[in-house]
Each structure stands twice: as C-alpha cells, then as structure tokens.
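Numbering that gives the first Met the number 0 applies: residue 0 is where the first sequence begins, and numbers increase by one.
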Amino acid sequence: MLQINVIRENVGKVLEGLKKRNMRDAEVLVNEALTVDKIRREKQKEHDDLVGEVNRISKEVGNLMKSGQKQQADEMIAKMASNKKVASELGQELLKAEEELQRVLYLIPNVPADKVPAGKGAEDNLNVYQHGQIPTLPPDVQPHWELIKKYDIIDFDLGNKISGAGFPVYKGKGAKFQRALINFFLEEASRQGYTEIQPPIVVNKASGYGTGQLPDKEGQMYFIAEDELYLIPTAEVPITNLYRDVILNEQDLPIRHVGYTPCFRREAGSWGAHVRGLNRLHQFDKVEIVQIRKAEESYETLEAMCLYVQGLLEKLELPYRKLLLCGGDTGFNSAMTYDLEVYAAAQQRWLEVSSVSNFETFQASRLKLRYKNKEGKTQLLHTLNGSALALPRIVAAILENNQTPDGIRVPKVLVPYTQFEMIDAKL
RNA sequence: AGAGGAGUGGUAGAGCGGUUUAUUGCACCGGUCUUGAAAACCGGAGACCCUUCACGGGGUCCGGGGGUUCGAAUCCCUCCUCCUCUGCCA
C-alpha cells in the first residue's frame with residue numbers, strides 16, 4: 000500500500016511511475032484517494048476539536064459533582080448533550096472516510112522503480128543477463144512429462160485420483176529427488192547466513208492483507224471457510240508476516256530468513272496451451288528467501304539476492320536468463336522484479352523458476368513494519384523476497400536437459416543429498 | 001470440545017466508575033559524581049492521526065470489536081489468545 004502522505008507530496012512522480020504499468024485508471028484512483036484524504040483530514044480536525052471540548056467539560060462536571068454542586072453540573076451536562084451528538088456523528092463520518100481511503104489505497108499498485116522499463120507484458124521485459132550453453136539434444140529427446148512416466152518417478156494419474164488435476168504424486172527416486180533439492184536449497188541459504196523458518200502453511204486474513212495477496216488475489220488462494228484460513232501461495236506470506244506490527248531496533252537488522260513450504264495456488268483461469276506436466280501445478284514445493292532492510296540498502300540487497308539465486312542455478316548446471324520485468328509485468332506489490340528462467344531443452348522453452356522482488360515500503364506500510372533509527376524516529380522498512388528456488392520447473396529442466404540413454408544424470412552438487420547419481424530404473 | 005481463571009507500556013505488576021495527564025520495581029537512555037566504570041542521586045522515555053515553517057497544541061490507544069454513562073483500564077455483550085482441570089487425538 001502506498002502511503003497517502005507520500006502520494007499527497009509526490010502526485011506527479013506517483014502518476015508518472017504508475018504509467019509504466021500501463022494501467023488505465025491510475026489517475027482516477029489517485030485523485031479519488033486525494034479527495035477522500037482531504038475530507039478525512041477535515042473531519043478529523045472538526046471531530047478532535049469538539050471531543051477536546053467535551054473532555055474539558057466532563058472534567059469540570061467531575062469537579063462540580065465532587066464539591067456537591069450538583070445543580071450546576073446538571074446544567075453543564077444538558078448543555079453538552081448536543082455537542083456529544085455532533086461529535087459522535089463526526090466520528091462516524093471520520094470512520095467512513097478512513098475506510099474509504101483504505102479501500103482506494105488497496106487498489107493502487109506499487110510505483111515501479113526508476114530502472115523499471117515501461118511496458119505491457121512479457122514481450123517488453125529486458126533480458127539483462129544470460130548464462131550457460133543451450134544444450135543440443137538428439138532428435139529422440141523426450142519432454143519431462145514422458146520421462147517421469149518412463150522412470151515412474153512422478154504420477155499425475157494417482158494425484159488425479161486422490162486429489163485432482165495439478166496435484167502430482169512423487170514416488171521413489173522422484174520423491175527422494177524432491178527432498179534432496181529442498182535440503183540443498185535450505186543448506187545453501189543457511190550457509191549464506193539466512194535463518195531457517197518453518198512456518199504454518201495456513202494464514203489468517205490479516206496476514207493475507209499484510210503482504211498484499213488480499214484483496215488483490217482473493218480468488219487465487221485456497222480458502223478454508225470453516226476456520227477462515229488461507230492456504231499459503233508462498234512462504235513469503237507467513238515469513239514476512241512474522242514482522243507484522245513490529246518495530247525493530249536498528250541492531251536487529253538486517254533480517255534474513257529462508258523457509259521451505261509447499262505452496263498452493265488455485266491458478267483459476269491460467270491454464271493454457273503450454274501448461275503441461277510440471278509447468279503449472281496447484282501444489283508445489285518452494286524454498287523462499289526473505290529479507291527486511293533499511294531503505295538505503297534495499298536495491299543493493301535485491302541485486303545480491305538475485306546473484307545468490309543465479310549461483311544456485313549455476314551449481315545445478317542449468318542454462319538461465321535474467322529478466323528485468325517491465326512495468327506491466329511487475330507484480331501489484333513490487334517496485335522492481337527480476338525473473339530467472341531456465342531453459343528446458345526438450346520443450347525448447349524458458350521456464351520461470353524464480354522471481355526476486357523489492358517491495359520497498361509497500362508491504363511494510365500494510366504490515367506496520369518499522370524500525371527505530373539512530374535519532375529515535377520510527378521508519379518503514381523495505382521488504383524483499385525471492386524464490387530460491389521453486390522445485391517443479393527445476394525438476395522439469397533437469398530431467399529434460401540431463402537425459403541420457405542410461406537415465407537422468409543427477410547434477411554433481413546434488414549427489415550428496417540424493418545418494419544416487421542417476422535416475423534410471425524403478426527403485 | 002466442556003468448566004474455571006487471566007490478558008495493562010520493553011518486562012514484571014498495581015489500579016477495578018471521576019486529583020490516571022495510567023502507581024511502582026527492573027531493564028533502557030541522558031546528566032551529576034568519577035581517570036573511566038559501578039554504586040548513589042537527578043532527569044527522560046511509547047505508538048498512531050490531525051494541526052504548526054518551527055516551538056507547541058488537540059485527539060486516539062489498558063487483547064480486538066460493540067454497548068451502558070455527563071465520565072470506562074475499571075460495568076455489560078461478543079470475539080480472540082494464554083493458563084489450570086476434564087475429554088479427545090497425531
């Protein structure tokens with residue numbers, strides 16, 4: 000959520016930034032917010048002045064009562080009755096204005112950073128870096144959805160039976176490979192100084208609002224109506240919300256966390272032609288890194304986090320490219336996002352495996368996540384996160400790129416975790 | 001899940017309708033003393049909103065929400081969380 004005082008003081012810059020997102024009604028929303036804010040401030044002042052007077056008179060009544068001047072007290076009470084009524088009405092109006100302002104602010108996305116290019120969608124993203132050789136595979140190369148059947152490691156039919164589409168069952172070496180990847184990612188992050196967190200995988204409404212999934216992505220999360228809980232779409236939600244309503248001390252910073260969780264996404268309306276096999280799932284595993292930083296160091300941190308994820312891809316021997324997302328493709332909450340995509344040689348497609356974002360104060364202002372600086376002033380912090388990494392497409396790329404006549408070659412760095420070097424015959 | 005008890009500032013813990021602008025201890029910060037520190041003494045300290053160039057002023061906050069009252073931390077309703085006992089269960 001953008002802060003209203005920031006919008007008020009930088010209308011031009013905010014509008015110019017939002018233009019890069021190629022969104023139609025930015026100006027309308029911003030103007031609406033400013034109008035409601037003006038009303039809110041007027042009501043606040045009227046209300047406070049009146050309540051202040053009522054408070055003063057109440058105190059006098061107390062004194063009169065105590066000194067036994069009941070009649071005079073009663074007179075003052077009578078005189079105050081109308082003031083009280085007006086104050087209560089003003090209070091209602093103020094509340095309404097505040098709610099209205101909140102509602103509008105929730106609809107305004109983050110302002111993209113200066114470096115973010117304007118653009119409509121994926122075609123306008125900037126390819127800023129590419130690494131690794133695109134593998135040349137023999138003509139009889141198989142896509143991963145064939146390979147998982149050949150070696151009986153991931154079973155979509157079984158998942159269909161017990162749950163539904165998009166809930167695969169991992170079996171044998173397939174299951175062990177998942178576990179190996181999760182452990183590898185967690186260990187690598189720990190070694191870099193990230194503190195491991197194992198959070199709940201359901202969250203309440205307040206957490207959904209805290210990181211911005213609500214109200215923007217209401218229909219995209221699984222919801223348990225009976226207990227009013229949401230299945231998390233990413234570990235970002237519970238981990239970042241650990242710091243909701245928190246004022247940190249400067250010496251507590253920076254905060255660096257890593258966590259593994261399954262992630263749940265309804266993906267309503269997003270199944271298309273290229274969605275096969277592991278490319279898109281309702282439930283998948285992901286290791287997420289989260290950082291909380293002071294404003295002045297957040298962009299440096301974004302680059303560092305990105306380089307860390309790139310390092311993981313290099314250790315896994317996967318060819319990848321790094322995209323700086325354009326305004327239109329940058330998520331609602333993010334000020335700047337890099338996507339990392341690996342090349343899956345059989346599909347001959349780039350698959351997004353990580354998204355690393357700086358949210359600046361957008362989440363922090365919803366979360367009320369602040370720190371006390373050296374001067375003793377409380378300031379909003381910046382939040383950042385990135386996938387490090389999401390498993391299914393990594394698995395897809397490794398299966399496709401590393402296939403040999405004898406089976407799938409496990410990347411060297413994973414062998415200590417898998418305890419096997421090839422995914423071949425059934426276990 | 002049922003019965004009972006409890007939620008107050010960083011923490012412990014008083015207050016249970018009107019000198020509460022929330023007592024006090026500890027922890028914290030500043031000062032005096034000291035070469036420095038400790039001790040002692042003195043002082044300070046929260047968050048949010050509105051207003052002001054600023055100094056300052058006003059309002060809100062005692063788990064959340066609602067109510068009673070001229071006046072609520074204090075009384076009532078409701079929800080949440082924690083503790084004890086009982087039940088159930090990985």
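No residue lacks a Cβ here, since even glycine has one placed at the ideal position from N, Cα and C. Since the model is a prediction, treat every value here as computed from it, not as a measurement.
Alpha-carbon spacing of residue i relative to residue j, whole angstroms
i, j, result
"Y436", "P404", "No information on residue 436 is available, as it lies outside the stretch 0 to 426 that the chain covers here."
"V29", "P108", "11 Å"
"Q418", "P410", "12 Å"
"G131", "Y342", "10 Å"
"Q71", "L93", "33 Å"
"S297", "A334", "11 Å"
"L426", "R178", "Because L426 carries a pLDDT of 47, less than 50, the predicted location of this residue cannot be relied on, and the following value inherits that uncertainty. Looking at the two C-alpha atoms, the distance is approximately 16 Å."
"N240", "D48", "37 Å"
"K18", "P253", "32 Å"
"E374", "L380", "15 Å"
"A117", "N21", "7 Å"
"V355", "Y242", "19 Å"
"I231", "D338", "21 Å"
"T34", "M0", "17 Å"
"E295", "A188", "23 Å"
"R365", "Y221", "22 Å"
"T210", "C325", "21 Å"
"R279", "P142", "15 Å"
"E45", "K367", "27 Å"
"D73", "K84", "17 Å"
"Y432", "V115", "Because the chain is modelled from 0 through 426, residue 432 falls outside the range shown and cannot be assessed."
"V127", "D113", "16 Å"
"A164", "E186", "32 Å"
"E302", "T336", "10 Å"
Cβ neighbour criterion (16 or more within 10 Å) applied to residue i
i, result
"Q362", "buried"
"D328", "buried"
"P138", "exposed"
"T377", "exposed"
"P415", "exposed"
"G276", "buried"
"V274", "exposed"
"L129", "In the sequence as presented, Leu is not what sits at residue 129; that position holds Gln. Flag for Q129 reads exposed."
"E8", "exposed"
"E427", "As displayed, the chain neither begins before 0 nor continues past 426, which places residue 427 out of reach and without an answer."
"T260", "buried"
"E399", "buried"
"V27", "exposed"
"S353", "buried"
"E217", "exposed"
N-terminal and C-terminal residue of the beta strand (DSSP E) that residue i is part of
i, result
"Q378", "T377 to L379"
"E195", "T194 to I196"
"T260", "I254 to F263"
"K371", "R369 to K371"
"L230", "L228 to L230"
Heavy atom of the ligand COA within 6 Å of residue i beta-carbon
i, result
"R320", "Within the structure as shown, the ligand COA is missing, as the structure has no ligands at all."
Residue i - containing alpha helix (DSSP H), residue span
i, result
"I246", "No alpha helix (DSSP H) holds I246; the beta strand (DSSP E) holding it covers I246 to N248."
"I107", "Careful: I107 lies outside any alpha helix (DSSP H) and carries neither H nor E."
"K12", "V10 to K18"
"N240", "E235 to N240"
Contiguous alpha helix (DSSP H) assignments of at least 4 residues, all confined to the segment 289 to 366 | 297 to 314 and 361 to 366
Cβ contact check for the segment 336 to 349 and the segment 37 to 56: 3 or more pairs under 8 Å = no
Sufficient close CB pairs (3 or more, under 8 Å) joining the segment 169 to 180 to the segment 138 to 155 | yes
Ordered list of beta strand (DSSP E) runs contained in the segment 390 to 425, each at least 3 residues | 406 to 408
Quick one: complete alpha helix (DSSP H) runs, 4+ long, within the segment 115 to 191?
-> 143 to 149, 155 to 161 and 172 to 190
Would you check if there are 3 or more beta carbon pairs closer than 8 Å linking the segment 196 to 208 to the segment 227 to 245?
-> yes
Given 8 Å, three or more beta-carbon pairs between the segment 128 to 147 and the segment 49 to 59 | no
Which runs of the alpha helix (DSSP H), 4 residues or longer, sit entirely within the segment 197 to 221?
-> 204 to 210
Looking at C-beta atoms only, is the number of pairs between the segment 84 to 101 and the segment 201 to 209 that lie closer than 8 Å three or more?
-> no
Taking three-plus beta-carbon pairs below 8 Å as touching, is the segment 308 to 324 in contact with the segment 389 to 398?
-> yes
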